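If you want the numbering used here, it's the position in the sequence shown, counting the first as 1, plus 2. Glycine included, each C-beta is placed from N, C-alpha and C at the ideal position. Computed from a predicted structure; not experimentally measured. Here's the structure we're looking at; comments come further down.
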Amino acid sequence: MERFVMKGGHPLSGDVVIGGAKNASLGVLAAAVMADEGCLIENMPDVRDTNVMLQAIEGIGGIVERIDAHTVRISGAAISKDNTIVDDEFIRKIRASYYLLGALLGKYKKAIVALPGGCDIGSRPIDQHIKGFTALGAKVSIGHGMITAEAERLVGAHIYMDVVSVGATINVMMAAALAEGRTIIENAAKEPHIVDVANFLNSMGANIKGAGTDVIRIKGVESFHGSNYAIIPDQIEAGTFMTLAAATRGDITVRNVIPKHLEAISAKLAEIGCTIHEYDDAVRVDARDRVLKNTQIKTLPYPGFPTDMQPQMAVVMALSEGTSIITESIFENRFRYVDELARMGAKIQVEGNTAIITGINGYTGADMVAPDLRAGAALVIAGLAADGYSAIENIELIQRGYEHFETKLQDLGAQISLVDNDKDEQKFKLKVV
Ligand code: EPZ
3 MERFVMKGGH PLSGDVVIGG AKNASLGVLA AAVMADEGCL IENMPDVRDT NVMLQAIEGI
63 GGIVERIDAH TVRISGAAIS KDNTIVDDEF IRKIRASYYL LGALLGKYKK AIVALPGGCD
123 IGSRPIDQHI KGFTALGAKV SIGHGMITAE AERLVGAHIY MDVVSVGATI NVMMAAALAE
183 GRTIIENAAK EPHIVDVANF LNSMGANIKG AGTDVIRIKG VESFHGSNYA IIPDQIEAGT
243 FMTLAAATRG DITVRNVIPK HLEAISAKLA EIGCTIHEYD DAVRVDARDR VLKNTQIKTL
303 PYPGFPTDMQ PQMAVVMALS EGTSIITESI FENRFRYVDE LARMGAKIQV EGNTAIITGI
363 NGYTGADMVA PDLRAGAALV IAGLAADGYS AIENIELIQR GYEHFETKLQ DLGAQISLVD
423 NDKDEQKFKL KVV
């Protein structure tokens with residue numbers, strides 16, 4: 003079985019180029035099938051989740067032409083109204099499968115999509131998606147593991163989201179963009195990927211205003227034309243490398259980023275004692291020889307501290323002096339890394355949605371299992387900060403969202419390797435000293 007093996011305890015330094023945002027690209031790829039012509043999408047991350055989305059698009063008759071690892075041409079023109087059923091063993095595993103529901107419902111007024119899977123980080127209901135589609139005039143039903151949404155016509159509506167949801171905002175925005183008349187989404191999510199999907203829809207001819215604020219106004223149009231579009235940089239991949247600099251007391255510059263998207267992360271790292279330098283499209287985190295101090299974080303929708311950075315930040319907080327506190331307010335099951343970190347010596351006590359972290363001087367290497375994507379990335383950071391060897395299994399979860407993770411880490415000086423058998427793990431251990 004594939005696993006990461008590593009020997010930690012060294013400061014990691016250098017530059018790392020950040021790829022396109024996974025969560026934006028999942029929305030953009032799904033939205034591309036709504037155009038009557040082909041769309042060229044650039045800066046797409048070549049990770050498992052985006053590849054599953056591309057397979058699903060092919061599965062319903064879309065044409066996917068891979069120009070290179072990060073560029074793809076998608077044409078949904080050949081998809082027929084009678085073939086809007088999205089189901090395969092892979093699509094069931096990704097959360098963003100439901101974006102095809104909004105996209106196909108918007109264009110064909112009918113979609114049947116396997117109920118979404120995704121990381122096991124909480125109950126993850128879809129009531130707000132259903133509420134939005136229903137308000138637009140669709141009939142939505144769930145049965146046999148599938149969601150069906152269909153409508154004679156979709157008509158714009160005034161929709162108030164009861165919870166701030168990234169997925170529901172994107173999904174309802176896509177369907178409403180091809181509905182008749184005007185839609186207002188109130189209490190919308192404001193994440194950078196909402197803005198990115200809205201910009202992409204607008205580039206195809208949609209009329210969406212207000213994305214990035216909590217009120218999105220959409221004037222429906224009849225059809226979309228093709229578009230060339232480049233996806234924004236991945237805020238969470240960037241944040242992951244920023245916390246790596248802090249945890250290993252290194253000095254890392256993340257390049258090809260939008261520093262504004264990273265403000266919540268930069269601010270917390272500065273607060274605990276790192277020096278942050280911001281450039282036009284790069285952020286440098288310098289933690290060399292720093293004594294890190296305790297802090298508190300509460301995960302919140304953007305522009306608050308992202309839940310997708312909570313495990314990585316916890317790894318840093320566990321190495322910071324004093325008592326730190328995390329309040330996870332988005333997903334109830336996002337502390338599954340705590341037992342693994344405890345095996346490395348971390349002192350973390352979880353009570354409900356709160357983690358109380360008592361700082362320690364350093365981790366000791368251990369064998370661990372990645373519980374989900376971001377928690378898995380966090381364990382890699384811990385392993386690279388730890389004294390001695392660590393091994394992490396279940397790395398396919400990490401590969402859902404990080405492209406060439408081990409290569410990028412090696413380029414920063416990390417002693418890490420992807421192996422798939424015990425012999426290679428032994429070889430790695432003999433090689434690194
Ligand atoms: C997106 O998930 C991301 N996934 C997640 O990324 C991220 O953690 C999350 O947004 C929050 O930022 C993708 O973009 C594919 P939500 P999503 O709907 O859309 C509740 C990663 O590591 N809710 O914003 O599923 C829900 O339970 C991941 O890349 C409802 O109650 O998240 C949660 O408490 C994993 N009803 C809150 O809203 C609904 O209908 C936010 O969820 C929908 C959501």
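Exposure label - residue i; buried when at least 16 CB within 10 Å
| i | result |
| --- | --- |
| N45 | buried |
| Y281 | exposed |
| V35 | buried |
| G228 | buried |
| R68 | exposed |
| S322 | buried |
| A37 | buried |
| S167 | buried |
| R97 | buried |
| L103 | buried |
| K410 | buried |
| H160 | exposed |
| P47 | buried |
| S419 | buried |
Residue i Cβ short of 7 Å to the ligand EPZ heavy atom set
| i | result |
| --- | --- |
| K192 | no |
| I149 | no |
| A140 | no |
| S167 | yes |
| A170 | yes |
| T309 | yes |
| N258 | no |
| F92 | no |
| N25 | yes |
| F337 | no |
| H131 | yes |
| G403 | yes |
| F333 | yes |
| R376 | yes |
| A316 | no |
| L28 | yes |
| P235 | no |
| I20 | no |
| A98 | yes |
| P47 | no |
| P1 | Examination of residue 1 is not possible in this model, given that the chain is present from 3 through 435 alone. |
| I238 | yes |
Alpha helix (DSSP H) segment containing residue i, residue limits
| i | result |
| --- | --- |
| E239 | 237 to 249 |
| Q351 | Counting along the chain, Q351 falls outside any alpha helix (DSSP H), though it belongs to the beta strand (DSSP E) covering 349 to 353. |
| E60 | 50 to 61 |
| H131 | 129 to 137 |
| T437 | With the chain represented from 3 up to 435, any question about residue 437 goes unanswered, as that position is not in the structure. |
| D426 | 424 to 433 |
| E273 | 265 to 274 |
| R376 | 375 to 387 |
| V30 | 24 to 34 |
Range covered by the beta strand (DSSP E) that runs through residue i
| i | result |
| --- | --- |
| M8 | 5 to 10 |
| V18 | 15 to 19 |
| G390 | 390 to 395 |
| Y145 | The question names Tyr, but residue 145 is Gly in the sequence shown. Start and end: 141 to 145. |
| E67 | 65 to 70 |
| Q417 | 417 to 421 |
| D253 | 253 to 257 |
| N209 | 209 to 211 |
Selected residue, minimal CA-CA separation from residue i, among the options
| i | options | result |
| --- | --- | --- |
| F243 | S77, V285, I328, G361 | V285 |
| V493 | H160, L180, Y100, I299 | Any question about residue 493 goes unanswered here, given that the chain covers just 3 to 435. |
| A32 | P373, R75, H12 | R75 |
| T356 | L420, I328, I260, I128 | I328 |
| A249 | R219, A71, A348 | A348 |
| E273 | V259, C41, N296, E395 | N296 |
| V174 | D198, L381, L138, D84 | L138 |
| M3 | V199, I20, I397 | I397 |
| I359 | E408, P308, K133, V318 | V318 |
| V436 | A393, I400, D70, L414 | Coverage of the chain is limited to positions 3 through 435, which leaves residue 436 absent and any answer about it impossible. |
| S268 | G241, G40, E60 | G241 |
| C276 | G169, R292, V7 | R292 |
| G64 | I187, R50, C41 | C41 |
| H279 | I254, H131, E224, Q417 | I254 |
| V217 | I418, L14, A181, I172 | I172 |
| D283 | V256, I186, G61, G378 | V256 |
| I187 | V19, V199, A79, A213 | A213 |
| D310 | T325, A320, R336, G22 | R336 |
| S15 | D89, L375, G252, Q417 | G252 |
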